[in-house]
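Worksheet: the structure to be examined is printed underneath.
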Amino acid sequence: MKLIADSGSTKTNWCLEGPDNSITYFDTEGFNPYYVDSDYIYNAIIAKLPAGLPVNEVTGVNYYSAGCSGDKNHIVADALKQVFPSAEITVEHDLLAAARAVLGNTPGFVAILGTGANSCIYNGKEITAQVDSLGFILGDEGSGAYIGKQLLIKYGRGQLPEDLRLQFWDAYHLTPDDIINQVYTKPMPNRFCAGFCKFIIRCIEHPYINSMVRSAFADFFDKLVILYPNYTAYSLNCIGSIGHAFSAILTEVAESYGMKTDNILKAPLEGLVKYHTQEIQTIN
Numbered sequence: 460m461k462l463i464a465d466s467g468s469t470k471t472n473w474c475l476e477g478p479d480n481s482i483t484y485f486d487t488e489g490f491n492p493y494y495v496d497s498d499y500i501y502n503a504i505i506a507k508l509p510a511g512l513p514v515n516e517v518t519g520v521n522y523y524s525a526g527c528s529g530d531k532n533h534i535v536a537d538a539l540k541q542v543f544p545s546a547e548i549t550v551e552h553d554l555l556a557a558a559r560a561v562l563g564n565t566p567g568f569v570a571i572l573g574t575g576a577n578s579c580i581y582n583g584k585e586i587t588a589q590v591d592s593l594g595f596i597l598g599d600e601g602s603g604a605y606i607g608k609q610l611l612i613k614y615g616r617g618q619l620p621e622d623l624r625l626q627f628w629d630a631y632h633l634t635p636d637d638i639i640n641q642v643y644t645k646p647m648p649n650r651f652c653a654g655f656c657k658f659i660i661r662c663i664e665h666p667y668i669n670s671m672v673r674s675a676f677a678d679f680f681d682k683l684v685i686l687y688p689n690y691t692a693y694s695l696n697c698i699g700s701i702g703h704a705f706s707a708i709l710t711e712v713a714e715s716y717g718m719k720t721d722n723i724l725k726a727p728l729e730g731l732v733k734y735h736t737q738e739i740q741t742i743n
């Protein structure tokens, strides 16, 4: 039995391939090893595993996660080894998951626009160029956390149009002090900010909200995409809930920067399953 998992900062999507080639999908909490430790990850996975899943019979885990690079990989790998003691554990960055899912073995440009943001150039096997998004506090332009943060800033400073301010209050009953307390004293403020994208999606036809999302995607291009040499030679491939939810706006913004749009997918897991299945068939 083998597992493939893609973890963002909010949710982890899993695919279990059984010995009879049966496929089972399930979800657990998402996490970023920059914000949580191995014990947290272990407990979060155990809490949501399907009942009866024979963890000792899992022989391999291919796990892709936000924040998994360099010395952070062991935080996730240690937790996975506790959950699946008999498995060979492979932990890689979710950016590689996005590239493999949307491009397979074809070179191209790939972005993630979910709770966080990221981008790279992929040569069909590995990532060859990457402008660091710098995470929630310093960057992540165009992400759900970034867009949610813009909404909270405008709400806290009294800049929202009155109709939107009233809708926001009716939905959340949060004061600016409540927001500051949540962001500065509670764990995972990126997830908190991104959570307000549900409100933004509901209000996307409002000109003020539409303009705010458009500006956030323009920031994504200004701060990240245009730093890649000859970026207009590539088409934009994007994975993530935010890119998918606002795909029409993203496509328009990309075109304004001279970049065509190719694939925009909500999640990479199905593409990853296809990629790993083809790799196994090639080896065999």
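Numbered per our numbering, the sequence shown spans residues 460 to 743. Cβ atoms here follow ideal geometry from the backbone N, Cα and C, with glycine treated the same way. None of the values given here were measured: they were computed from a predicted structure.
Original post:
Are there three or more Cβ pairs, one per stretch, closer than 8 angstroms when the region 719-737 is compared with the region 603-616?
Top reply: no
Original post:
Measuring CB to CB, does Asp465 end up less than 8 angstroms from Leu728?
Top reply: Looking up residue 465 in the sequence shown gives position 6. Looking up residue 728 in the sequence shown gives position 269. In this structure, Leu728 lies closer than 8 angstroms to Asp465 by Cβ.
**OP:** Can you give me the Cβ contacts of Asn521 inside the same chain, cut-off strictly under 6 angstroms, excluding the 5 residues immediately before and after it?
**Re:** The residue you call residue 521 lines up with position 62 of the sequence shown. Within the same chain, Asn521 has close Cβ partners Ile463, Thr549.
Subject >> Identity of the residues DSSP links to Thr720 by a beta bridge >> reply: Within the sequence shown, the letter at position 261 stands for residue 720. Note: Thr720 sits in a beta bridge opposite Leu695.
Subject >> C-alpha distance - Glu547 paired with Tyr523, whole-angstrom precision >> reply: The sequence position of residue 547 within the sequence shown is 88, counting from 1. The sequence position of residue 523 within the sequence shown is 64, counting from 1. Using only the alpha carbons, I get a separation of about 14 angstroms.
**OP:** Put Lys645 into one of helix, strand or coil per three-state DSSP.
**Re:** For the purposes of this step, residue 645 is taken as residue 186 along the sequence shown, with counting starting at 1. Lys645: coil per DSSP, three-state reduction.
Original post:
In its own chain, which residues sit with a C-beta less than 6 angstroms from the C-beta of Ala557, not counting the 5 before and 5 after it?
Top reply: Taking the sequence shown and counting its residues from 1, the one referred to as residue 557 is at position 98. Val569, Ile571, Ile698, Pro727.
Original post:
According to the neighbour-count rule (16 or more other Cβ atoms, all chains shown, within 10 Å of its Cβ), is Gln609 buried or exposed?
Top reply: Counting from one through the sequence shown, the residue named residue 609 turns up at place 150. Flag for Gln609 reads buried.
Subject >> Helix, strand or coil at Cys662 according to DSSP, with G and I counted as helix >> reply: As a working note, residue 662 is residue 203 in the sequence shown. Coil at Cys662, not helix or strand.
Original post:
Under 8 angstroms between the Cβ atoms of Glu585 and Leu683?
Top reply: Residue mapping note: residue 585 aligns to position 126 of the sequence shown, counting from 1. Residue mapping note: residue 683 aligns to position 224 of the sequence shown, counting from 1. No, the Cβ-Cβ distance between Glu585 and Leu683 is not below 8 angstroms.
Subject >> Alpha-carbon spacing of Cys404 relative to Asp486, whole angstroms >> reply: Limits of the chain in this structure are 460 at one end and 743 at the other, which puts residue 404 out of reach.
Original post:
When DSSP labels each residue in this structure, what does Asp496 get in the three-state scheme?
Top reply: The residue you call residue 496 lines up with position 37 of the sequence shown. Residue state, collapsed to three classes: coil.
Original post:
Is it true that the CB of Tyr716 sits closer than 8 angstroms to the CB of Phe658?
Top reply: The sequence position of residue 658 within the sequence shown is 199, counting from 1. The sequence position of residue 716 within the sequence shown is 257, counting from 1. Phe658 places its beta carbon 8 angstroms or farther from that of Tyr716.
Original post:
What residue from Gln541, Gly477, Asn689 has the CA that sits closest to Ala588's CA?
Top reply: As a first step, residue 588 is located in the sequence shown; it is residue number 129 there, counting from the start. The shortest Cα separation from Ala588 among Gln541, Gly477, Asn689 belongs to Asn689.
Original post:
Taking C-beta to C-beta, are Tyr494 and Met647 nearer than 8 angstroms?
Top reply: Looking up residue 494 in the sequence shown gives position 35. Looking up residue 647 in the sequence shown gives position 188. Yes.
Subject >> Contact set for Leu555: own chain, Cβ-Cβ below 7 angstroms, skip 5 residues either direction >> reply: For this step, residue 555 is matched to residue 96 along the sequence shown. Cβ neighbours of Leu555 beyond the five flanking positions: Tyr523, Ile586.
Original post:
Would you report the Cα separation of Leu597 and Asn582, rounded to the nearest angstrom?
Top reply: Your numbering for residue 597 matches position 138 in the sequence shown. Your numbering for residue 582 matches position 123 in the sequence shown. If I take the Cα positions, the gap works out to 28 angstroms.
**OP:** Please check the pair Cys662 and Gln618, which I expect to be a contact at CB under 8 angstroms, by giving their CB distance rounded to whole angstroms.
**Re:** Counting from one through the sequence shown, the residue named residue 662 turns up at place 203. Counting from one through the sequence shown, the residue named residue 618 turns up at place 159. So it is not a contact: roughly 15 angstroms between Cβ atoms.
Original post:
Terminal residues of the continuous beta strand (DSSP E) containing Leu812?
Top reply: Since the first residue of the chain shown is 460 and the last is 743, residue 812 is not available in this structure.
Original post:
Within this structure, are the beta carbons of Ser545 and Thr518 separated by less than 8 angstroms?
Top reply: Sequence index remark: in the sequence shown, residue 545 carries index 86 (1-based). Sequence index remark: in the sequence shown, residue 518 carries index 59 (1-based). Yes.
Original post:
By how many angstroms is the C-alpha of Pro666 removed from the C-alpha of Glu621?
Top reply: Taking the first residue of the sequence shown as position 1, residue 621 is located at position 162. Taking the first residue of the sequence shown as position 1, residue 666 is located at position 207. Each residue's alpha carbon lies about 13 angstroms from the other.
**OP:** Please report the Cβ distance between Leu611 and Phe543, rounded to the nearest whole angstrom; I am assuming they are in contact, meaning their Cβ atoms lie under 8 angstroms.
**Re:** On the sequence shown, position 152 is the one that residue 611 refers to. On the sequence shown, position 84 is the one that residue 543 refers to. Contact flag wrong, Cβ pair sits at about 38 angstroms.
**OP:** Drop a sphere of 10 angstroms on the beta-carbon of Ile742, count the other beta-carbons inside from all chains shown, and report buried for 16 or more, exposed for fewer.
**Re:** Residue mapping note: residue 742 aligns to position 283 of the sequence shown, counting from 1. Model confidence at Ile742 stands at a pLDDT of 46, short of 50, so the residue's coordinates are unreliable and nothing is read from them.
Original post:
Does any residue of chain D bring its CB to less than 8 angstroms from the CB of Tyr631?
Top reply: In the displayed structure, chain D is absent; only one protein chain is listed.
Original post:
Is DSSP giving Tyr581 helix, strand or coil here?
Top reply: The residue you call residue 581 lines up with position 122 of the sequence shown. The answer is strand: DSSP assigns Tyr581 an E or B state.
**OP:** Could you have a look at Asn640 and say whether DSSP puts it in helix, strand or coil?
**Re:** Numbered from its first residue, the sequence shown carries residue 640 at position 181. DSSP places Asn640 in helix when its eight states are reduced to three.
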